[in-house]
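Those protein sequences? They're chains A and B, same order as listed.
For this note's numbering, add 532 to where a residue sits in the first sequence, where the first one is 1.
For this note's numbering, add 332 to where a residue sits in the second sequence, where the first one is 1.
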Amino acid sequence: MSVLVEISEFVQKGKAKDVKNLTQAALDEGISAKEILNGALIAGMMVIGEKFKNNEVYVPEVLIAARAMNRGVEVIKPYLTKEGVEPVGRAVICTVKGDLHDIGKNLVKMMLEGVGIECIDLGVDVSGEQVVEAVKESGARVVCLSSLLTTTMDYQKDIIQALEKAYLRDGVKVMVGGAPLNGEFAKSIGADAYTKDAAEAADVALDFFA
Amino acid sequence: MYNVRILYNGCEKTIQADKGAKLSEVLCHYGISAHHPCGGRGVCKKCAVTVNGKKELSCTYRINEDITVLIEEDNIESVTGTDETKTATDNMCLCFDIGTTTLALALVSLDEGNIIATVVENNPQRAFAADVMSRIDYVGKNGVLKMQQAVISAVNSMAEKLLKQYGIARVEKLYVAGNMTMLHLFFGIDCTGMGVSPYEPVFLDKKALPSEKIGINCSRKVISLCGISAFVGADIVAGLGYVGMPEKGKYNLLIDLGTNAEIVLYSENVLLCTAAAAGPCFEGVNISCGMSAVKGAVYSYNGKLCLTIGGGEAKGVCATGLIDALAVMLNGGIVDETGFLTDKEFEIAKDVRLTQEDIRQFQLAKSAIYSGIIALIKKQKISFNDIDKVFVAGGFSAKMNLGNAIRVGLLPKEVQGRFYPVNNSSLLGCVKHACENNSFDAFLKNARYVDLAKDEYFQNLFIENMMFE
Chain A
533 MSVLVEISEF
543 VQKGKAKDVK
553 NLTQAALDEG
563 ISAKEILNGA
573 LIAGMMVIGE
583 KFKNNEVYVP
593 EVLIAARAMN
603 RGVEVIKPYL
613 TKEGVEPVGR
623 AVICTVKGDL
633 HDIGKNLVKM
643 MLEGVGIECI
653 DLGVDVSGEQ
663 VVEAVKESGA
673 RVVCLSSLLT
683 TTMDYQKDII
693 QALEKAYLRD
703 GVKVMVGGAP
713 LNGEFAKSIG
723 ADAYTKDAAE
733 AADVALDFFA
Chain B
333 MYNVRILYNG
343 CEKTIQADKG
353 AKLSEVLCHY
363 GISAHHPCGG
373 RGVCKKCAVT
383 VNGKKELSCT
393 YRINEDITVL
403 IEEDNIESVT
413 GTDETKTATD
423 NMCLCFDIGT
433 TTLALALVSL
443 DEGNIIATVV
453 ENNPQRAFAA
463 DVMSRIDYVG
473 KNGVLKMQQA
483 VISAVNSMAE
493 KLLKQYGIAR
503 VEKLYVAGNM
513 TMLHLFFGID
523 CTGMGVSPYE
533 PVFLDKKALP
543 SEKIGINCSR
553 KVISLCGISA
563 FVGADIVAGL
573 GYVGMPEKGK
583 YNLLIDLGTN
593 AEIVLYSENV
603 LLCTAAAAGP
613 CFEGVNISCG
623 MSAVKGAVYS
633 YNGKLCLTIG
643 GGEAKGVCAT
653 GLIDALAVML
663 NGGIVDETGF
673 LTDKEFEIAK
683 DVRLTQEDIR
693 QFQLAKSAIY
703 SGIIALIKKQ
713 KISFNDIDKV
723 FVAGGFSAKM
733 NLGNAIRVGL
743 LPKEVQGRFY
753 PVNNSSLLGC
763 VKHACENNSF
773 DAFLKNARYV
783 DLAKDEYFQN
793 LFIENMMFE
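Pasting the structure below:
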């Protein structure tokens, strides 16, 4: 079995220590950081994403696999910069104002990172102004908004309006998600996409960057 | 060391106990526990067992020889601990703990400072919505009135059951503790502010008003305890009052296990509190064979011996049984350190099985609680050595096998030997408040709420602690 396949399997199993050690070994063998990232770390995470979409694995597996992947990314990070590897794209991600439940948001972030998208994570309880500021600063072309409570989902609309006011709306795709939402709601507040889970969010975001 | 042979619902096991150990604590440590509505004061007689052929109260009996203990089936009856020798005096009050799931009302003698009888019932508000957040959501859509009426009529009928036996028409005071949402609903006050950040309750301070104002007919006055924040309410303040301050220079931890697990780290000078979103898996929700701790639930399991509430056929597994089963699976290598289940399913009893998804649900819950504890300790920049006592409260805490709770990573192993289960600390604290006229202000002056979602450590801790050791 090639070392890349082995790393990918350890990512899927969430064996963080093994991922870290094997990633270092792969570098020592002379495999490029980019190859390890795409061929092993992201590849492993994509398998988990696919399984998650098919309900074969659940939230904890994704978190555990992402944790393992990150151990590997930490090892290759300095080499990625050296090799001049650019991310697929940049996305601003946050849980909207009034909502402090952010496991869903973290999951989406992990899955986006799992397909090679760089995430600017604004955290929880985020306002329209903060999103506008982050988009301006980073040049992100995708904005992901999460809301887990019926009491806070309307704030997603406020953020879209803030982007419009700042004349940034045309330059970004806005994706929304969260338990109480659906496609109809997304349309009604003027979002570009609703995704029902983190794996779908990663697919849709990739399409936006294509 | 003495041998304690336990006969329980047709099962038998022998355990070891230290000389002088309290029988109730020994039993509880091995996952067998009676209700102690009186808080182990030897008053309610609810925990009576047969020791070497003689009736004894397990909460007062000390082990000083090899013994055989016969434990009758758990019978959940609503009125407990009725003491017929007591006569009505004027100096009685009622203490009411409004739990999201369960209501508990105690008739208390202020002269003697103890509980005379207790009534426990399900919270009728569950018919509207199960957890705190969905009840707030319900109020946002339908108003507060129906929820208030449900709890008020419940306490009135519970009080009637209690008072009738003593020929009392009504008492002077009804003391009330509960989380802030439950107290808002009780007083008929809009709680929707607690459903959205910045999570503001209308009130946190103590309330005292004439009972008739809210339709209470069992007392003249209603008095509630104060809370700390939207998520650390009067139930926790009562619990703190009950368990008390640590010795000088030390810290105590109070952990109230539930859907929202409240965690408090405190000393004489500091009080950090938080609420960790554990989710409803301890109530049996989201676990394929999960159920609450009622008849037929597996509450104790060691790989061979499987004990159910009521002693009959196993119908499902409740929180304590789930913890035990996971410990067995981890010890047997059936579940690896990432939580991966090597078999397709794990059978605890006939038709009671755990699946991979069940284990994942449990990982989320246990990590939320464990990480919340660690986050507070890190925030205060102390170590486990600085901790004097760890009080574990919540419906199932007294019946939980602490060793197994540590094994599955729900509680930190570093404080092993310093755990103290407290049953309904909210009710007991409310009783203490009534008897000692102590409003526990010492805990309030330093109180600070830590928001885990915004905490610098919590997110990473949460993912790391999902693992098993």
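Every residue gets a Cβ at the ideal spot worked out from N, C-alpha and C, and that includes glycine.
CB of residue i within 8 Å of CB of residue j, strictly
i, j, result
"B/Gly704", "B/Thr606", "yes"
"A/Ile625", "A/Lys637", "yes"
"B/Cys558", "B/Lys545", "no"
"B/Ala509", "B/Ser758", "yes"
"B/Gly611", "A/Thr683", "no"
"B/Val401", "B/Ile338", "yes"
"B/Asn423", "B/Leu442", "yes"
"B/Cys650", "B/Cys427", "no"
"A/Val674", "A/Gly715", "no"
"B/Leu494", "B/Val451", "yes"
"A/Ala565", "A/Ile539", "no"
"A/Ala731", "A/Lys585", "yes"
"B/Ala737", "B/Ile655", "yes"
"B/Lys786", "A/Val663", "no"
"B/Ile468", "B/Cys425", "no"
"B/Ala562", "B/Tyr598", "no"
"B/Leu604", "B/Gln712", "yes"
"B/Gln316", "B/Ala482", "Because residue 316 of chain B is not part of the residues shown, which for chain B are 333 to 801, the question remains open."
"B/Gly749", "B/Asn797", "no"
Contact test: residue i Cβ vs the ligand FAD heavy atom, cutoff 7 Å
i, result
"B/Gly576", "Of ligands this structure carries none, so the ligand FAD is not represented either."
6 Å CB neighbourhood of residue i in its chain, flanking five on each side removed
i, result
"B/Tyr789", "Ala707, Lys710"
"A/Met642", "Ala598"
"B/Glu594", "Val564, Ile568, Asp588, Ala607"
"B/Ala629", "Met623, Ile641, Gly648, Cys650"
"A/Val579", "Gln544"
"B/Lys802", "Shown here, chain B extends from 333 to 801; a query on residue 802 of chain B therefore has no answer."
"B/Glu679", "Arg685"
"B/Leu734", "Phe751"
Close Cβ partners of residue i (< 7 Å) along its chain, the five nearest in sequence each way excluded
i, result
"A/Ala548", "Arg599, Ala600, Arg603"
"B/Met308", "A query on residue 308 of chain B cannot be resolved here, the shown segment of chain B reaching from 333 to 801 and no further."
"A/Ile596", "Gly546"
"A/Val658", "Cys626, Thr627, Val628, Lys629"
"B/Ala609", "Asn592, Ala700"
"B/Ser365", "Low local confidence applies: a pLDDT of 48 at B/Ser365 is under 50, so the model's placement there is unreliable, with the coordinate-based value given in what follows. These residues qualify, in order along the chain: Leu359, Ala730, Lys731."
First through last residue of the beta strand (DSSP E) which encompasses residue i
i, result
"B/Val383", "380 to 383"
"A/Asp690", "Counting along the chain, A/Asp690 falls outside any beta strand (DSSP E), though it belongs to the alpha helix (DSSP H) covering 687 to 697."
"B/Asn454", "446 to 454"
"B/Pro753", "751 to 753"
"B/Ile719", "719 to 725"
"A/Ala623", "621 to 627"
"B/Ser556", "551 to 556"
"A/Gly646", "Per DSSP, A/Gly646 belongs to no beta strand (DSSP E); it is in the alpha helix (DSSP H), 635 to 646."
"A/Met707", "705 to 709"
"B/Cys650", "Element bounds for B/Cys650: n/a, residue is neither H nor E."
"B/Arg780", "779 to 781"
"B/Ile399", "399 to 403"
CB-CB length for residue i against residue j, believed under 8 Å
i, j, result
"B/Leu586", "B/Val569", "Not a contact, Cβ separation roughly 10 Å."
"A/Ile509", "A/Lys689", "Nothing about residue 509 of chain A can be reported from this structure: the residues present for chain A run from 533 to 742 only."
"B/Asp463", "B/Thr382", "About 40 Å; that fails the 8 Å criterion."
"B/Phe535", "B/Thr652", "With a Cβ gap of about 35 Å, B/Phe535 and B/Thr652 do not count as contacting."
"A/Ser784", "A/Leu639", "A query on residue 784 of chain A cannot be resolved here, the shown segment of chain A reaching from 533 to 742 and no further."
"B/Lys764", "B/Gly573", "6 Å"
"B/Ile548", "B/Ile484", "6 Å"
Residues near residue i by beta carbon distance below 8 Å, same chain, minus five either side
i, result
"B/Pro542", "Arg552, Lys553, Val554"
"B/Asn601", "Asn778"
"A/Ala623", "Leu644, Ile649, Glu650, Cys651, Ile652, Ala672, Arg673, Val674, Val675, Cys676, Ala737"
Start and end residues, alpha helix (DSSP H) containing residue i
i, result
"B/Thr513", "512 to 519"
"A/Leu595", "591 to 615"
"B/Thr392", "It is not in any alpha helix (DSSP H) - B/Thr392 carries neither H nor E in the DSSP assignment."
"B/Cys767", "757 to 768"
"A/Lys585", "574 to 585"
"B/Leu696", "688 to 711"
"A/Thr555", "548 to 560"
Checklist entry - Do the stretch 698 to 707 of chain A and the stretch 644 to 651 of chain A meet, that is, are 3 or more Cβ pairs less than 8 Å apart? => result no
Checklist entry - Within the chosen definition, does the stretch 649 to 668 of chain B reach the stretch 710 to 722 of chain B through at least 3 CB pairs nearer than 8 Å? => result no
Item to check | Three or more C-beta pairs below 8 Å linking the stretch 722 to 730 of chain B and the stretch 387 to 396 of chain B | outcome: no
Next on the checklist: For the pair the stretch 673 to 693 of chain B and the stretch 777 to 797 of chain B, tell me if three or more CB-CB distances fall below 8 Å.
Outcome noted: no
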